[in-house]
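First to last, the sequence lines map onto chains F, Z, Y and H.
Mind the numbering: the first sequence is residues 1 to 460 in the working numbering, read in order.
Mind the numbering: the second sequence is residues 1001 to 1460 in the working numbering, read in order.
Mind the numbering: the third sequence is residues 2001 to 2222 in the working numbering, read in order.
Mind the numbering: the fourth sequence is residues 3001 to 3222 in the working numbering, read in order.
Take a look at the structure below.
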Amino acid sequence: MKKFNSLAISNADDLIFGNAQNPVKCGNGMVIGDGVVFPEINFTLPSIKISGETWKEVLQQYREIADNISRRARALKAPGFVVEFEQLPPMTQNPQMGAEITEILKNALNQLYQNDGIKNALRVTVVDLRDADRPPQLRDGNACHQTLSAFELSAQAGADILSIESVGGKEIHDQALMYADLKGIIASLGILAYRDVSWLWQQIKTITNRYNIIAGGDTACGFANTAMQLAGQGMLPDILAALVRAASVPRSLAAYENGAIGPSKDCAYEGPYIKAITGTPISMEGKSSCCAHFSPLGNIAAAAADLWSNESVQNVRLLSGNAPEVFYELLEYDCRLFNTATKHNTQRQLRELFVQSDIRQNIQALMLEPETVLKISRAIVEQTGGYNQTLAAAKTAFHCMQQAADSGLVHLSEIESSWFLKLKQELDEVPVLEDEALNWLYENYGSLFIPESYNLKNLV
Amino acid sequence: MKKFNSLAISNADDLIFGNAQNPVKCGNGMVIGDGVVFPEINFTLPSIKISGETWKEVLQQYREIADNISRRARALKAPGFVVEFEQLPPMTQNPQMGAEITEILKNALNQLYQNDGIKNALRVTVVDLRDADRPPQLRDGNACHQTLSAFELSAQAGADILSIESVGGKEIHDQALMYADLKGIIASLGILAYRDVSWLWQQIKTITNRYNIIAGGDTACGFANTAMQLAGQGMLPDILAALVRAASVPRSLAAYENGAIGPSKDCAYEGPYIKAITGTPISMEGKSSCCAHFSPLGNIAAAAADLWSNESVQNVRLLSGNAPEVFYELLEYDCRLFNTATKHNTQRQLRELFVQSDIRQNIQALMLEPETVLKISRAIVEQTGGYNQTLAAAKTAFHCMQQAADSGLVHLSEIESSWFLKLKQELDEVPVLEDEALNWLYENYGSLFIPESYNLKNLV
Amino acid sequence: MHDILEQLSICVERGKVDIKSPFPADMKGREGADELTRKAIENKIPASKILNDALMTGMQRIGEKFGQGKAFIPDLLIAAKAMNAAMEHLKPFFESGEAKHKGKIIMGTVSGDLHDIGKNIVKMVLKGSGWDVIDLGVDVSSQKFIDALAEHPGSYVGLSALLTTTMLHMQDTTQVIKDTYPGTKVFVGGAPLSQEFCDKIGADGYFRDPQSFAKYLSGIVQ
Amino acid sequence: MHDILEQLSICVERGKVDIKSPFPADMKGREGADELTRKAIENKIPASKILNDALMTGMQRIGEKFGQGKAFIPDLLIAAKAMNAAMEHLKPFFESGEAKHKGKIIMGTVSGDLHDIGKNIVKMVLKGSGWDVIDLGVDVSSQKFIDALAEHPGSYVGLSALLTTTMLHMQDTTQVIKDTYPGTKVFVGGAPLSQEFCDKIGADGYFRDPQSFAKYLSGIVQ
Ligand code: B12
Ligand code: B12
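Structure (structure tokens):
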């Protein structure tokens, strides 16, 4: 296990799109994080049931998507791109299904490279099936085995990069979030999620080692993006979503402690932190992932991106063409802009525009502002252990928000302000010691999780 | 009739997004071209027949679109935006239909302004029904009267800005384009289209004067964008599409000579020329109109935009929400970037990035490069009369392309190069005198158009 | 109105459970829903009056605020907690020990789909506005809905789906429900859905958010 | 192969109509399709040989280049011009005065829609690859297609639409055609269409571009 005690990037100027300390080579001639930002195009099926009867049609959908994207890449004289194939549940449940699609995509990409010299790589993200049961069994059982076997078969079928949106700890976090219960949020992220991510990525790493491919990274999507979505719908305070964002970093960092080397997963907005701490190239999604979700972070998300993603779009017809090729074109133009700035050596000015355009609009954006990222990252690496790091991240995030509100950088509405006070008070009451927090977890959420899933002893 | 003998913008530095010499005030507190770029959001129906039976559903679609966009604008704390309602044929054929939708949209916009202070304006674009017959009757007949009556009823129903994609001359141009027949292209644009636009906008102007609203502008969509689409599909040379782009400027300029004051229409990529010559604010579409068509001009199109548009998208469901609100969000983030640059006084650097990211990729982009725009615009204002201007624009455009190719700025493929020589030769043979060109038109395309439609005498 | 009831309604609205609860900060150390309900009973205020004029009023106020974007989900939940604390004292006074419900709704995320946050929120909001919600959880087969309807005849049904590939299960589920229990109203929701889709599968209503769903439901029972 | 025929095929491929035609520049002043065909006939080369080995060969080559992105529409049209100039001399030798066609296709843009550029290109490409195309123009009602099928029995039909609101007319049109002339194959195309839509309306094929359409058609007649 790797430990990160210091920052790979300690100067905010260097936390910038296209450049990572440890670029990743993979796939067909791809190098990620070495000066150029590439699109990462993601897509999914339109409304269609996945079954034996529709299977041919499903494969045809993926073939069509691959063809369309290839044609667009040629038309735009693209230098390269990454494809993410995000599996849907039946494809992971029946890993040979996922493998069959992986092969189709890989073949198309190989051809594109051979015929047109367009560099590319294929990321496969499997579904974390372990989420199906409540409480979930994380290290054993059918769901766990299927999930791991899906990794194996994807690797065999040609995946260049493996990723997952893992869910350990979510069984508590989902509830804690609804009650804005900071103790529960921090304990579930810092103790449970951190332990699960660590274990899971050791498993994934043995697979990627065997096939000599890349262990990409994880994402706190089910935690922090859920909070962001809920805040976007007026269900939760923005400040809470911002807090969860920062608090989810140590849990995602655990993947890199255990062998992941990037590119991080697009929907992991904790990417800039990962990059600052580990020097790993990151994938980010922002305004051009509007097809998949609305966002208060459309521009600022680009500040440190090495891959630029649309998150996901159904293969439906728009006026110009099918949505995946449409969004591919959009990403390509975005990337041209990034890379032109780098070529002209004005990338810092451009980054500044991205940052400044969102920072005043919503406090969640503050969590992606480079100086803030470094401040919180520093607080994290100064601590050891997932819990301490998570609590430090939350406290520092709170402190940064306070400063931003006090200085007038961000304006908080009346209810946001009142929640600010409430959360401040709660944060002070969160146990400082991991053991104490764990006990509190057992007491308050004991029925919701299986200690063995986290290699914890059952206290009762 | 106004004559433009000199340039409103003579320094390329000043041809920049957000700023026009003659800003336009309209709608609910909107000022366009006065330092801020606003989104212009466009949308259309999903696959649905328009008939008596479906009419309620059609109205419901537009209501839904207006609601969704308003919600997004509030969520993003948008300062303002323009809505374009582009009619579909039955709505212009039955102008009270178009008016009913106009009213729905206008009411929603009024409410948004009253309740949330978000500035806005409504552009209504009617269908040029005169295109239905071959040869078309342009100044009389049912189609012409319906078209004009649609303007009238839209104005009555609350339109703030009127526009049209007019089609005079297209009956020749469509054919000439297929044969890459420059004589036909230049004569149809310079004589026929120029005459029709001039006449048509005098009619529109009397209507906008009556209702005290804005005569927006026209677009050479059916000419130059068709050529761009065809080049994009490998059907026509890029250099021909570039040439047509420049040659279509005088025809669109005629709208401004006859009372239009902008904002120009989004799909009129001749916008930067109009802005340089007249100082009118312009609407442009680029990468974020990928939903409506693919483009070789995604970034550079932004260089001089005062409104930034998505051209059009069906009201279909994506993962995040309905496509119109999705693209509205995208435009809003783009505009944030533009306006942040202006605020930080780095708008010229950002413009440069937009220009540089496309200019080497496809020769069509050259036609939107600010220096080139000014060069061709100058050539235009030095001439009088549509035909002379059109020929001068084409020749200067050709000259600019030659320079760009010679200097290595743009690389032309083998077939593009061979077509370059062919077109050069042809351009030299295009008649210098309008009368001669007209005679040639009568001889070669005489059966395809009605001279009276252009107030020309029938030579036979 | 009785002063105690007014105070009690404020405690519910603001989620002040009892004298020890630290929230809200400006009410620290003051009596909460727990103590005030006891007092009200001692003062011989009729249980139904306490319920309607204080507890329900408080819940309604916070619900309205939520609808106007002036409160969040945790505010609702904390209010519900205060309400429950009060209800403990009132239970003996009601036959069933429960307040009168507007009706029953069976809810679940359809087969193959594990997204439940949206569904859970809908549940909360409906409960908050007086509905009895039977939650079947996630990955719920058609059969399970049928079984639940057998157990709770006459209930409404609410289906949730978040995946483009599972939303189609709403069609069979709706079909089977309508075949087995004709007249049952089935409502649908979830991010990838649309009115058009709802119409296509023959469901009775699509709602983009719980507030509009709750509003609609209140409409049909009146 | 005969040298004249080789030269003639080049003239067709490159669109060299006659000795006076200025294009292509590097062939200026040289004999074109017109003169060479006359010569070939004088040399007693059989008309069918001239047609197949020179004219068709030339058209085929430019067609292939177009398919590979190495030629444009105007190249096709100019080649067709050269071919036509040659055909003038060959006409007397063929009974019908026309080369053998692969079959007939009735094409049109559907009711309410005036976009015809795409349809016209499809027409050109099909003609270029040996099909007899009957073009009904734009805004074509179902009845007009039926009338055309009455006149040209056994034809294929190609429908074009560019608007989301007119593409639905393809459904009735296809329906009416299949009801009136069962077995008629109907193909569809145009920017807003998709394979899914084609399947939905019961058409026999969707093609994104004329090249793939032509390739498919050649396949079914062989
Ligand atoms: C959080 C989340 C998860 C969490 C789920 C946590 C949980 N317990 O629910 C986790 C991480 C586990 C997860 C897993 C997966 N997810 Co997920 N997930 C999301 C995310 C980010 C947010 C969803 C959310 O909770 N939103 C907040 C809630 C409040 O909103 P809501 O659900 O829409 O509900 C509201 C309304 O719709 C309505 N409503 C909902 N239900 C009902 C019912 C009725 C009757 C009514 C009236 C109203 C109503 O009211 C609610 C409140 O306003 C979305 C992104 C997005 N844009 O939505 C992706 C998303 C839905 N997931 C996606 C995918 C692909 C997956 C996975 C397959 C990923 C993978 N490869 O592992 C798996 C599938 C697991 C499974 N079998 O279902 C895709 C779906 C793509 C597709 N093809 O449809 C999305 C869109 C993300 C993306 N890639 O773009 N996901
Ligand atoms: C040129 C154009 C026009 C010209 C039409 C010129 C003409 N004679 O055709 C003019 C200006 C007149 C025009 C008018 C209108 N247009 Co128009 N137009 C376009 C534009 C820019 C290009 C279309 C084009 O010619 N493309 C090039 C050709 C070669 O491509 P294609 O048609 O797709 O055809 C190819 C394939 O699809 C295929 N194909 C086509 N047909 C068939 C058939 C078969 C059998 C097969 C196998 C293959 C096949 O092969 C072709 C070659 O590869 C498009 C934008 C776009 N993205 O497409 C808008 C567009 C189609 N128009 C649009 C609109 C809204 C209109 C108007 C209503 C605008 C208005 N308010 O006035 C009117 C409607 C007029 C009417 N009643 O039809 C919208 C449609 C939106 C919608 N709801 O569907 C579009 C998408 C533009 C936008 N706003 O985004 N338009």
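Here a beta-carbon is modelled for each residue, glycine too, at the ideal position from N, C-alpha and C.
Exposure label - residue i; buried when at least 16 CB within 10 Å
{"i": "Gln-314/F", "result": "buried"}
{"i": "Tyr-1273/Z", "result": "buried"}
{"i": "Ala-2025/Y", "result": "exposed"}
{"i": "His-3115/H", "result": "buried"}
{"i": "Phe-3072/H", "result": "buried"}
{"i": "Asn-322/F", "result": "buried"}
{"i": "Gly-3097/H", "result": "With a pLDDT of 44 at Gly-3097/H, under the threshold of 50, the predicted position of this residue should be treated as unreliable, though the coordinate-derived value follows. By the neighbour-count rule (16 or more Cβ atoms within 10 Å), Gly-3097/H is not buried but exposed."}
{"i": "Trp-1419/Z", "result": "buried"}
{"i": "Val-2122/Y", "result": "buried"}
Own chain residues within Cβ distance below 6 Å of residue i, not counting five before or after
{"i": "Tyr-1454/Z", "result": "Leu-1192 and Arg-1195"}
{"i": "Gln-3195/H", "result": "Tyr-3206"}
Segment limits, alpha helix (DSSP H) that includes residue i
{"i": "Gly-1097/Z", "result": "For clarity, residue 1097/Z is Met in the given sequence; the question names Gly instead. Where Met-1097/Z is concerned, the enclosing alpha helix (DSSP H) stretches over 1095 to 1116."}
{"i": "Leu-331/F", "result": "323 to 343"}
{"i": "Lys-2200/Y", "result": "2195 to 2201"}
{"i": "Val-465/F", "result": "In the structure as shown, chain F starts at 1 and stops at 460, and residue 465/F therefore has no counterpart that could be examined."}
Beta-bridge pairing of residue i - partner residues as DSSP gives them
{"i": "Ser-3160/H", "result": "Thr-3109/H and Gly-3189/H"}
{"i": "Asn-26/F", "result": "Checking the sequence, you will find Cys at residue 26/F rather than Asn. Note: Cys-26/F sits in a beta bridge opposite Met-30/F."}
{"i": "Pro-1039/Z", "result": "Trp-1308/Z"}
{"i": "Ala-215/F", "result": "Leu-162/F"}
{"i": "Ala-268/F", "result": "Note: Ala-268/F sits in no beta bridge, so no partner."}
{"i": "Met-1284/Z", "result": "Trp-1308/Z"}
{"i": "Tyr-2206/Y", "result": "Val-2188/Y"}
{"i": "Asn-299/F", "result": "Asn-299/F pairs with nothing; no bridge assigned."}
{"i": "Asp-2941/H", "result": "Outside the shown range of chain H, which is 3001 to 3222, sits residue 2941/H, and nothing can be said about it."}
{"i": "Val-2140/Y", "result": "Val-2110/Y"}
Proximal residues to residue i (C-beta, below 8 Å), its chain only, five neighbours per side dropped
{"i": "Cys-290/F", "result": "Gly-298"}
{"i": "Pro-2192/Y", "result": "Ala-2161, Leu-2162, Leu-2163, Thr-2164 and Met-2167"}
Rounded separation between residue i and residue j - CA only
{"i": "Ala-993/Z", "j": "Ala-215/F", "result": "No statement about residue 993/Z is possible, as the shown extent of chain Z runs from 1001 to 1460 and does not include it."}
{"i": "Pro-1370/Z", "j": "Gln-1364/Z", "result": "13 Å"}
{"i": "Ala-1397/Z", "j": "Met-1367/Z", "result": "7 Å"}
{"i": "Asn-1388/Z", "j": "Ile-1376/Z", "result": "13 Å"}
{"i": "Asn-19/F", "j": "Gly-262/F", "result": "13 Å"}
Contacts around residue i, its chain only, beta-carbon distance under 7 Å, and the 5 residues preceding and following it disregarded
{"i": "Arg-72/F", "result": "Glu-325, Tyr-328 and Glu-329"}
{"i": "Gln-93/F", "result": "Leu-129 and Gln-146"}
{"i": "Val-3188/H", "result": "Leu-3159, Met-3170, Cys-3198, Ala-3203 and Tyr-3206"}
{"i": "Asn-362/F", "result": "Asp-238 and Pro-296"}
{"i": "His-2089/Y", "result": "Thr-2037, Arg-2038 and Ile-2041"}
Delimiting residues of the beta strand (DSSP E) encompassing residue i
{"i": "Glu-86/F", "result": "80 to 86"}
{"i": "Arg-1251/Z", "result": "Arg-1251/Z -> not in any beta strand (DSSP E); alpha helix (DSSP H) instead, spanning 1249 to 1257."}
{"i": "Ala-1121/Z", "result": "1119 to 1126"}
{"i": "Asp-14/F", "result": "No beta strand (DSSP E) holds Asp-14/F; DSSP gives it neither H nor E."}
Near ligand 4: residue i beta-carbon under 7 Å from a heavy atom
{"i": "Cys-3198/H", "result": "What this structure holds is ligand 1 and ligand 2, not ligand 4."}
Pull out every residue of the segment 1288 to 1301 of chain Z whose Cβ sits closer than 9 Å to any Cβ of chain C, in chain order.
No chain C appears in the structure shown, which is made up of the protein chains F, Z, Y and H.
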